[in-house]
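One structure is given here, and the rest of the page talks about it.
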Amino acid sequence: MDKLVDSARAAVADVPEGASLAVGGFGLCGIPSTLIAALVGAGVSGLRVVSNNCGVDDWGLGLLLRAGQIARMTSSYVGENKEFARQYLSGELEVELTPQGTLAERLRAGGCGIPAFYTPAGVGTQIEEGGLPWRHTADGGVAVASPPKQTRDFNGRRYLLEEAISTDFALVRAAVADRHGNCVFHAAARNFNPLAAMAGRTTVVEAERVVEAGELPPDAVHLPGVYVDRVVAADPADRRIERRTVLTGVLPAAPTGELSAAPRTARSEEN
């Protein structure tokens with residue numbers, strides 16, 4: 104029952120060339136950066152990754168992308184990574200874009216053993232009709248396009264059939280995990296992490312804090328250890344803010360209605 108592994112490198116040592124990976128997190132919030140760094144060091148390539156996005160140019164999944172280790176991405180948002188755009192448009196990278204809620208449900212369904220489901224998201228668009236470029240040619244043409252979706256009407260409304268996603272491995276970051284793999288996530292890091300964990304046949308969790316079995320109250324557990332195969336301590340120094348913005352302007356300063364020009368700092372995303 105003790106699933107604690109000595110190092111991130113050991114935790115991903117059996118990820119082979121061409122493996123499929125479900126990776127948790129959103130932007131740079133809750134991403135398994137310690138495990139991603141270990142994969143970069145391992146040098147495995149041809150990876151087929153399912154994640155909400157692909158990090159940024161110099162962090163997160165962007166590191167694997169920059170090293171040429173990702174062959175295919177299934178994502179819902181990719182707008183913060185210039186190298187991603189370059190590889191996609193040049194035909195180096197295959198990309199399946201999926202509505203965000205659909206992507207989440209495809210991962211959840213894969214973890215629950217549901218092979219497919221119907222959803223209204225994408226009806227009447229190219230998601231239904233097919234033809235979205237998954238891979239470009241070097242000259243900008245379309246080498247591989249998305250196929251049309253099967254449809255069915257329920258109560259007078261059309262729905263698309265979406266297939267579940269299950270992957271060879273899942274990489275997840277938790278705030279706290281015990282040695283049995285029970286996990287607690289912090290705030291927004293709870294978005295895709297539990298779903299990615301469920302979808303992986305072998306799930307590896309990096310935790311900011313590892314506790315002994317029995318220390319987590321059962322009602323506090325967000326992801327049961329039955330979904331987790333390995334636990335490793337996260338590198339405490341690898342947390343990043345995706346975009347730091349400073350707002351300076353006229354802001355309300357007091358209930359009296361007086362205004363102040365004092366600056367206010369906002370941090371957009373944090374692990």
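Once you know that position 53 of the sequence shown is 156 in my numbering, the rest is easy, because the numbers rise by one and skip nothing. Don't be surprised by glycine CBs; every beta carbon is placed ideally from N, CA and C. These numbers were taken from a predicted model, which means no experiment stands behind them.
Item checked: Which residues DSSP lists as bridging residue 178, in chain order -> 200
Notebook entry, point to check: Name the DSSP beta bridge partners of residue 221, please?
Noted result: 264
Next item on the list: Report yes if the C-beta distance between residue 337 and residue 267 is below 8 Å; otherwise report no.
Entry: No Cβ-Cβ contact shorter than 8 Å links residue 337 with residue 267.
Checklist line | Which of helix, strand or coil DSSP assigns to residue 312 | finding: Here residue 312 sits in strand by DSSP.
Checklist line | Alpha carbon of residue 111 to alpha carbon of residue 147, nearest angstrom | finding: 15 Å
Next item on the list: Using the Cα positions of residue 279 and residue 311, report the straight-line distance between them to the nearest angstrom.
Entry: 6 Å
Checklist line | Status (buried if at least 16 other CB within 10 Å, exposed otherwise) for residue 258 | finding: Of the other Cβ atoms in all chains shown, fewer than 16 fall within 10 Å of the Cβ of residue 258; this residue is therefore exposed.
Next item on the list: Measure the alpha-carbon distance for residue 329 versus residue 241 and round it to whole angstroms.
Entry: 45 Å
Item checked: Buried versus exposed, by CB contacts within 10 Å (16 or more), residue 315 -> exposed
Notebook entry, point to check: With respect to the alpha helix (DSSP H) encompassing residue 137, which residues constitute its N-terminal and C-terminal limits?
Noted result: 136-145
Note to self: Less than 8 Å between the beta carbons of residue 292 and residue 276, yes or no?
What the structure shows: yes
Checklist line | Collapsed DSSP secondary structure at residue 321 in the structure displayed | finding: helix
Note to self: Considering only their Cβ atoms, is the gap separating residue 333 from residue 114 smaller than 8 Å?
What the structure shows: yes
Next item on the list: Verify whether the separation of the beta carbon atoms of residue 270 and residue 123 is less than 8 Å.
Entry: yes
Check: If you pair each beta-carbon of the region 288-302 with each one of the region 231-246, do three or more pairs fall below 8 Å?
Finding: With a cut-off of 8 Å, the region 231-246 and the region 288-302 do not count as touching, because too few Cβ pairs lie within range.
Next item on the list: Would you tell me roughly how many angstroms separate the C-alpha atoms of residue 347 and residue 165, rounded to the nearest one?
Entry: In this structure, the alpha-carbon of residue 347 lies about 19 Å from that of residue 165.
Check: When DSSP labels each residue in this structure, what does residue 214 get in the three-state scheme?
Finding: helix
Note to self: Starting from residue 150, trace the beta strand (DSSP E) in both directions and tell me its first and last residue.
What the structure shows: 150-153
Margin query: Quick check: the Cα distance between residue 386 and residue 265, rounded to an integer number of angstroms?
Written below: No information on residue 386 is available, as it lies outside the stretch 104 to 374 that the chain covers here.
Checklist line | Three-state secondary structure assigned by DSSP to residue 274 | finding: Strand, per DSSP.
Item checked: Contacts around residue 180, its chain only, beta-carbon distance under 8 Å, and the 5 residues preceding and following it disregarded -> Excluding residues up to 5 positions away in sequence, 155, 156, 203 lie with their Cβ nearer than 8 Å to the Cβ of residue 180 in the same chain.
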